[in-house]
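Undergrad: Chains as they are written, first to last, in the numbering used here: chain A, 1 to 196; chain B, 1001 to 1196. Before I ask anything, here is the structure I am working with.
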DNA sequence: TTGTGTCTACCTTCTAGTAGGAAGGAAGTC
DNA sequence: GACTTCCTTCCTACTAGAAGGTAGACACAA
């Protein structure tokens, strides 16, 4: 019941935290029950099956990202600043350990064993992120601020891959700073071109 | 037993394939028993616990990588060619779907819920890969062939992150070719520097 | 009086792991 | 050669606990 959020929200929040730790098969309804302070059966009332829960979670994650992106676009016009803000967002999440991993990046690694409904939502997130980054790259190269060496779509995919790979490295080394260290050169390269 | 490999090798091979599909919590001894054609209890004879099995697997994976790298170094001198071969290796694995993911990259995403012994082996692999790539970058910038915009260590980490992120994208989109598409610009950038 | 949220109690299936025995080979002893 | 002993490998049969999920009752509010 509702202190700040509804039980259903608390379940989703707990599930997200558990998924970012260990993926789809790394948590159970019992774990959520412990974290939220209710019984397993109560979770089934809100989300009849685990698939329902995670599908809802990923869909909501994507919707949140979509609205965050559109409010970002209203506040920041410069494409390079948009990319910087995007990278900073993840850098902060990793430093704070609040949300140390992108839910969808983590679930993507488990894709072959994910229930199809969940897998579809994860794919949809990748498409959304790629499309947005591509649009930012396009604007940056047409207008000003970004120097692309390849087509916008390719630069977008490469940028997203760097972000996801850097998350993995930060987790593997246990040193959050490595995320920013990896991303900084990528951003520098997009903002200017050095001659040899 | 023993057509081409011992039972113990067959178990390890099966476990690796299962881990690359769904991670540490994504497979069970029953899955391996089905795949290898023996009973669960027989697996426990070779690897008393699941931790034993996966620790052995990851350690062997790292040792294989170390010997593969040192034989690579004997055949290929040019640093850029080394990086290209490294990227090609993974591109082929992903295309063939034989080993579509680096075991350690996948396990790294689950690190927080991994048994400590396994987590330590995964970290050791990251350190090995990073050290090797750093040495390649150093040689490439000192001798010839590579144009680095940053310190060798940073370039190495960024390169590794690109590889891991590209694996994730290839899996998410279900299109293996995206791996090569993402890596190609990175290799081009290291091989030459474009002016604007 | 109908719906919502929670509970206890239970079910089935899967989980890693154990106990103990059967089969077979290798090696030593007579 | 025959016998014993040991070791390895695999088996059947089992355990305890965790997994996802269900049934049905209680409380309370609209």
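Ideal Cβ positions, reconstructed from N, Cα and C, are used throughout, including at glycine. Given the structure is predicted, the values throughout are model-derived calculations rather than measurements.
1. Of the residues that make up the region 1040-1071 of chain B, which ones have a beta carbon closer than 7 Å to any beta carbon in chain A?
2. Cβ of residue 1112 of chain B within 8 Å of Cβ of residue 21 of chain A?
3. Rank A:101, A:141 and A:191 by C-alpha distance to the C-alpha of residue 174 of chain A and give the top, closest one.
4. Return helix, strand or coil for residue 63 of chain A, following the three-state DSSP convention.
5. Here's the rule I'm using: 16 or more other beta-carbon atoms within 10 Å means buried, otherwise exposed. How should residue 49 of chain A be labelled?
6. Taking only beta-carbon positions, decide if residue 1176 of chain B is within less than 8 Å of chain A.
7. With H, G and I counted as helix, E and B as strand and the rest as coil, what does DSSP make of residue 1082 of chain B?
8. Counting only the same chain and skipping the five closest in sequence on each side, list residues whose C-beta sits under 8 Å from that of residue 1007 of chain B.
9. For residue 1105 of chain B, which residues in chain A fall below 7 Å Cβ to Cβ?
10. Who are the near neighbours of residue 1132 of chain B in its chain, counting only those whose CB is closer than 7 Å to its CB and skipping five residues on each side?
11. Is the region 120-127 of chain A touching the region 165-179 of chain A, taking contact as three or more C-beta pairs under 8 Å?
12. Indicate whether at least one CB of chain A lies closer than 8 Å to the CB of residue 1165 of chain B.
13. Listed from N- to C-terminal order along the chain, which residues in the region 135-152 of chain A have their beta-carbon within a distance smaller than 8 Å of any beta-carbon of chain B?
14. What three-state label does DSSP hand residue 140 of chain A in the structure shown?
15. So that I know if they touch, is there some Cβ in chain B lying closer than 8 Å to that of residue 110 of chain A?
TA: The answer reads as follows:
1. So nothing in the stretch comes that close.
2. In contact: residue 1112 of chain B and residue 21 of chain A (Cβ atoms closer than 8 Å).
3. Just measuring C-alpha positions, the residue of A:101, A:141 and A:191 sitting nearest residue 174 of chain A is A:101.
4. helix
5. exposed
6. Under the Cβ criterion of 8 Å, residue 1176 of chain B is not counted among the residues facing chain A.
7. helix
8. 1001, 1036, 1038, 1042 and 1046
9. Within 7 Å Cβ-Cβ: 168.
10. 1069
11. no
12. yes
13. 147, 149 and 150
14. helix
15. Closer than 8 Å to some Cβ of chain B, the Cβ of residue 110 of chain A qualifies, so yes.
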